[in-house]
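Q:
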Amino acid sequence: MPDEPDASAAAAATAARISASLDALWVRNLPIILARLELFDRAAAAAHSRHLQDDLRMEAASAAHKLAGSMGMFGHAQATMIARELERTLLAPAPDPDSVTTLSTQLRAALPLP
Amino acid sequence: MRRILIIDDEDDIREVAALSLEATAGWNITTASSGLEGIRTAATAEPKPDAILMDVMMPGMDGPTAFRQMQQTPGVAGIPVILLTAKVQGIDQRRFAGLGVAAVLFKPFDPLALAAQIAKVLGWTEVLAPQHSLLE
Chain A
93 MPDEPDASAA AAATAARISA SLDALWVRNL PIILARLELF DRAAAAAHSR HLQDDLRMEA
153 ASAAHKLAGS MGMFGHAQAT MIARELERTL LAPAPDPDSV TTLSTQLRAA LPLP
Chain B
71 MRRILIIDDE DDIREVAALS LEATAGWNIT TASSGLEGIR TAATAEPKPD AILMDVMMPG
131 MDGPTAFRQM QQTPGVAGIP VILLTAKVQG IDQRRFAGLG VAAVLFKPFD PLALAAQIAK
191 VLGWTEVLAP QHSLLE
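Keeping their order, the protein sequence lines are chains A and B.
Residues in the first sequence are numbered from 93 upward in steps of one, following the working numbering.
Residues in the second sequence are numbered from 71 upward in steps of one, following the working numbering.
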């Protein structure tokens with residue numbers, strides 16, 4: 093089929109363009125991502141000291157929700173799954189501190205961070 | 071050329087969705103960063119968007135609230151709205167679908183598949199060029 097190589101080349105070019113844009117966007121978004129990871133660390137520390145207030149807990153749950161919705165878009169499907177689990181954990185009134193710590197550690201490990 | 075309004079409070083989501091739809095489908099994209107801004111944008115746009123892609127969880131006015139307000143806004147009420155959500159539990163899906171939106175799509179989306187997903191749920195019959203997935 094004479095059109096197939098052109099269509100395939102066009103698709104590859106589109107994918108390359110989007111991939112390059114995603115790479116650049118990832119770098120630009122790193123400060124936000126790092127800030128969210130630090131927020132999870134604060135929530136975990138507060139949970140361990142039994143001082144996790146609702147506003148911090150819900151802020152961290154919201155941040156986890158945002159990461160769950162975006163990390164897969166950058167190709168980090170594992171991070172999406174972990175963030176989803178972290179959101180679910182933080183939405184509980186009294187999140188298990190060890191679970192929060194473990195999940196935020198796993199999330200850091202699942203992402204290409206500097 | 072299809073016109074899509076993307077409403078999401080997250081900069082990266084708006085940017086990637088816009089790039090995705092422009093690059094893979096050649097659609098004309100407008101964006102808004104809040105439900106209120108989205109309603110205003112849709113109400114004043116000429117021509118009107120062919121569809122609205124809107125996040126569910128946004129600060130201030132969330133997606134469902136913005137949708138209900140759109141239904142009361144002349145010129146906007148008839149525009150199909152697709153909700154975009156990171157909530158994947160069945161109960162949330164049913165709640166959103168029960169609002170009367172055209173469809174619910176899930177985050178994270180595949181930037182190379184988003185246009186085809188939108189076209190499919192809205193019954194648009196234009197042929198989109200096949201794309202390779204980035205999410206492999």
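Beta carbons: idealized from backbone N, C-alpha and C, even for Gly.
Fair warning: this is a prediction, and the values are worked out from it, not measured in the lab.
1. Name the chain B residues whose beta carbon is nearer than 8 Å to that of A:Met150?
2. Is there a C-beta anywhere in chain A that falls below 8 Å from the one on B:Ile74?
3. Return the bridge partner residues of B:Asn98 from the DSSP annotation.
4. If you measure between the beta carbons of B:Leu75 and B:Thr111, is that distance less than 8 Å?
5. Below 7 Å on C-beta distance, what does B:Met131 contact in chain A?
6. For A:Pro189, which option in A:Ala169, A:Ile110, A:Ala202, A:Ala136 has the closest C-alpha, if you only look at C-alpha atoms?
7. Starting from B:Leu89, find everything on chain A with Cβ-Cβ shorter than 7 Å and list it in chain order.
8. Leaving out five residues on either side along the sequence, give the residues of the same chain with a beta carbon under 6 Å from the beta carbon of B:Phe166.
9. So, does the CB of A:Ser162 fall closer than 8 Å to a CB anywhere in chain B?
10. For the segment 167 to 183 of chain A, list every residue whose C-beta sits within 7 Å of some C-beta in chain B, in sequence order.
11. So with CB distances below 7 Å, who are the chain D contacts of B:Met127?
12. For A:Ser100, count the other beta carbons within 10 Å of its own beta carbon; 16 or more makes it buried, fewer makes it exposed. Which is it?
13. Give the straight-line distance between the Cα atoms of A:Ala186 and B:Thr143, rounded to the nearest whole angstrom.
14. Would you say A:Leu148 and A:Ile174 are within 8 Å of each other, going by their C-beta atoms?
A: The relevant details are as follows:
1. Counting from one through the first sequence, the residue named residue 150 of chain A turns up at place 58. Within chain B, no residue has its beta carbon less than 8 Å from that of A:Met150; the closest one is some 12 Å off.
2. The count along the second sequence starts at 1 and reaches residue 74 of chain B at position 4. So, not an interface residue.
3. Taking the first residue of the second sequence as position 1, residue 98 of chain B is located at position 28. DSSP output for B:Asn98 lists B:Arg73 as bridge partner(s).
4. For the purposes of this step, residue 75 of chain B is taken as the residue at position 5 of the second sequence. For the purposes of this step, residue 111 of chain B is taken as the residue at position 41 of the second sequence. A contact, by the Cβ cut-off of 8 Å.
5. On the second sequence, residue 131 of chain B is found 61 positions in, with the first residue counted as 1. Going along chain A, no residue has its Cβ under 7 Å from B:Met131, so there is no contact; the nearest lies around 16 Å.
6. Reading the first sequence from its first residue, position 97 is the one you call residue 189 of chain A. For the options A:Ala169, A:Ile110, A:Ala202, A:Ala136, the alpha carbon positioned closest to that of A:Pro189 is the one of A:Ala136.
7. The count along the second sequence starts at 1 and reaches residue 89 of chain B at position 19. Per Cβ cutoff of 7 Å: Ile110, Ser113.
8. Residue 166 of chain B sits at position 96 when you count from the first residue of the second sequence. Once the five neighbours on either side are set aside, the close Cβ partners of B:Phe166 are Leu153, Val174.
9. Residue mapping note: residue 162 of chain A aligns to position 70 of the first sequence, counting from 1. Chain B, which has a Cβ nearer than 8 Å to the Cβ of A:Ser162, makes this yes.
10. Hits within the stretch, in order: Gly167, Ala169, Thr172.
11. You won't find chain D in this structure, because its protein chains are A and B.
12. Mapped onto the first sequence, residue 100 of chain A falls at position 8. A:Ser100 should be labelled exposed.
13. Here residue 186 of chain A is taken as the residue at index 94 of the first sequence, counted from 1. Here residue 143 of chain B is taken as the residue at index 73 of the second sequence, counted from 1. Approximately 42 Å between the Cα atoms of the pair.
14. For the purposes of this step, residue 148 of chain A is taken as residue 56 along the first sequence, with counting starting at 1. For the purposes of this step, residue 174 of chain A is taken as residue 82 along the first sequence, with counting starting at 1. 8 Å or more divides the Cβ of A:Leu148 from the Cβ of A:Ile174.
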